[in-house]
Structures are given as structure tokens and as C-alpha cells.
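Here the structure is laid out as C-alpha cells; the discussion comes afterwards.
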Amino acid sequence: MILAPIDLSERSYQGFVQAARLAKRFHARLEAVYVLPFPPEDASPFGGSLQEAERRERALRSIRARIGPMPLVHFLEGNPAAAILTLARELMPDLIVMGTHDRSGARRLLMGSVTEAVIRRSPVPVLAVRGEPQPIRSVLAPVKFTAYSDLGLVYAAAVAVGLDAQLTALHVAEPKEGLAAEAILFAMVGRLPAWAREATVTRLAARKGKAVEAIARLSRDHDLVVLVEHSAGPTHELLRGTTLERVLHSCRSPVLAVPYRRGPTRALKGRKATARKPA
Numbered sequence: 002m003i004l005a006p007i008d009l010s011e012r013s014y015q016g017f018v019q020a021a022r023l024a025k026r027f028h029a030r031l032e033a034v035y036v037l038p039f040p041p042e043d044a045s046p047f048g049g050s051l052q053e054a055e056r057r058e059r060a061l062r063s064i065r066a067r068i069g070p071m072p073l074v075h076f077l078e079g080n081p082a083a084a085i086l087t088l089a090r091e092l093m094p095d096l097i098v099m100g101t102h103d104r105s106g107a108r109r110l111l112m113g114s115v116t117e118a119v120i121r122r123s124p125v126p127v128l129a130v131r132g133e134p135q136p137i138r139s140v141l142a143p144v145k146f147t148a149y150s151d152l153g154l155v156y157a158a159a160v161a162v163g164l165d166a167q168l169t170a171l172h173v174a175e176p177k178e179g180l181a182a183e184a185i186l187f188a189m190v191g192r193l194p195a196w197a198r199e200a201t202v203t204r205l206a207a208r209k210g211k212a213v214e215a216i217a218r219l220s221r222d223h224d225l226v227v228l229v230e231h232s233a234g235p236t237h238e239l240l241r242g243t244t245l246e247r248v249l250h251s252c253r254s255p256v257l258a259v260p261y262r263r264g265p266t267r268a269l270k271g272r273k274a275t276a277r278k279p280a
């Protein structure tokens, strides 16, 4: 099942379109969620139920005018990120698809967007879509040489197989790694499950420099970036943001965030792949 949060903005409808395309591709059920904000503090206490019903009715009309009579729409009230996360933990969808937008400066750093807040705490993968949805023919999987990057690479391979897309495994080497990075990356791809190694072509890319900048540059040639959400703690998130969050603001391509310890869903598993030497 795919869950698509919408908030009546154009960006959220763009996310819904991508969610609908993926649901069709993977034969998955699609459900939407709309979170009504709490009424203003100065709202009249009289006639509250009627006002609430009118707000819901206006929102439902606007939503149905854009997405049609289907799918099911969950109506919740409260903080958008918290409400979406509560529903996600209840339904445990295979994927959440959300539209996102550009932010800059202190507001981005200290507050972030609803999409980022959901990604940070989601128990399931979240796809952040910016702009008009495009066909996904190539998938970029940036990896470190860690257990959680192994997970991200397997998940990226599952997505690539399911979409008949090419997969690129990228490692941005630290100076001390030297030429060994390419060999380790090749071995890492070799550890992919057989169903992945036999179903899609996997290219290898070893780069030097700053990770976020290298990912952003290579993402221009790819339709999707897959990263594992692996937070280093609240202080780190506040002051620097995770690599994933910085990639969200640097890449124009959609970014799929996979929570650590979450394996590929059955809906995304597919056929098999081969690896090419580093590009």
C-alpha cells in the first residue's frame, strides 16, 4: 500500500501523481491523507462542530476536484507531520510519497519541512518529490561502507528492478581510502542478492570530494536518489542536518529515504542484475 499526504498545495498534488503512477506500476493500493490544522485560538467556541464540518467539506471538495472519487482519503486533525506519522505507524504502508519544496537559511535549518519531519521519524520508506513527476529510468544509490548502506543499496536495487531502471552505486571516497574504495565498492555490489544481480545493470561510480556535492552532481544524470535515513542524534540534526537532509535540498531529483533496518518490501522485489566496473 502507498500513502500520499496532500495539503491542497500544488507540490502535494505533484507528489500524489507520482504516488498514483507507482501504485499502478506495482499493483499497490493507494490511499491519501489530509490533515486539517487546528482551528485558530481566537475561533468562536460556539458552533464549533458546524464549522469543523464545513472545513472538512470544503477540503474534501477541493481534494476530489483534483484527484477524483478515488482513492480513500483519511481526514485527520492536528500537527501535519505528527498526524501523518501516527497514521503511518497504524497502517504501515510500503511507501509514503510526499511533495516537497525549496527552503533556505535558518528556517530550513531549524524548522525544516513537513516532509523532512516525516522522513526523520517514519517507520517506512518516504519518497520526496520536487516538481513535476518524471519517468524513473535510472536510480542513484550513494553508499558508505557500512551496514546501513548495504541496506540502502539492496533497496535501491529492488526499486531499479521493479521499474526496469539502471542502477548506479556511488561511493565518495575519503583521502585515506585511496584506490581500495573502488575494490570495496565492487565487492559491495557483488553482495547484492541474486535476484538483484541478475535483473538489472549496475554501474559503479567512485568519486572524491564532499559527499553531498558529489551526490548532487551525479544526481543530475539520474531520475531517483535512494539513501538510508541514519540520524546521528538530535544535536547533529539541528546543527548540520543528516547527509540525507542536505541531499534533499541539493538535488532536483526525487529522493527516496529508507529508514535503517527496513528491508525491501515484497512489492518492490523483482528480477536480477549485473555489475560493471567503476565509471
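Per my numbering, the very first residue in the sequence shown carries number 2; after that it's consecutive. Where a beta carbon is used, it is the ideal one built from N, C-alpha and C, also for glycine.
When the Cβ atoms of the stretch 138-155 are set against those of the stretch 182-193, are three or more pairs found closer than 8 angstroms? yes
The beta strand (DSSP E) enclosing R192, as first and last residue numbers: Here R192 belongs to no beta strand (DSSP E), and DSSP marks it neither H nor E.
R263 to V226, Cα distance in whole Å? Caution applies to R263, whose pLDDT of 46 falls short of 50 and renders its modelled position unreliable; the value that the coordinates give is listed next. In a straight line, the C-alpha of R263 is about 17 angstroms away from that of V226.
Identify whether K211 lies in helix, strand or coil by the three-state DSSP scheme. K211 falls in the coil class under three-state DSSP.
Give me, in chain order, the residues of the same chain whose beta-carbon lies closer than 6 angstroms to that of Q19; leave out the 5 immediate sequence neighbours on both sides. V98, V130, P134
Give me the Cβ distance between L37 and R56, rounded to the nearest whole Å; I'm assuming they're in contact under 8 angstroms. 6 angstroms
Below 8 angstroms CB to CB, which residues in the same chain sit around Y14 once its five sequence neighbours on both sides are set aside? Once the five neighbours on either side are set aside, the close Cβ partners of Y14 are I7, R67, I68, G100.
Nearest-angstrom Cα distance between F39 and L61? 16 angstroms
V127 and L96 closer than 9 angstroms at C-beta: yes
Assigned secondary structure, A29 (DSSP; H/G/I helix, E/B strand, else coil): Note: A29 maps to coil in three-state DSSP.
Pairwise C-alpha distance: L4 and A82: 13 angstroms
Checking the sheet assignment: what are the DSSP bridge partners for A258? Answer by DSSP bridge pairing, in chain order: V127, L228.
What are the partner residues of I7, as DSSP defines its beta bridges? Y35
Report back the beta-carbon spacing between L171 and R221 to the nearest angstrom; my notes put them in contact at under 8 angstroms. Not a contact, Cβ separation roughly 13 angstroms.
Could you work out which residue in I120, S139, A200 is closest to V229 when comparing CA atoms only? I120
Just curious, the beta strand (DSSP E) that Q139 is in, first and last residue? As written in the sequence, residue 139 is Ser, which differs from the Gln given in the question. Looking at the DSSP string, the run of the beta strand (DSSP E) that includes S139 is 139-143.
What residue does the beta strand (DSSP E) around G100 start on, and which one ends it? 96-100
Taking the alpha carbon of E117 as the point to measure from, which residue in Y261, L249, S254 has its own alpha carbon closest? L249
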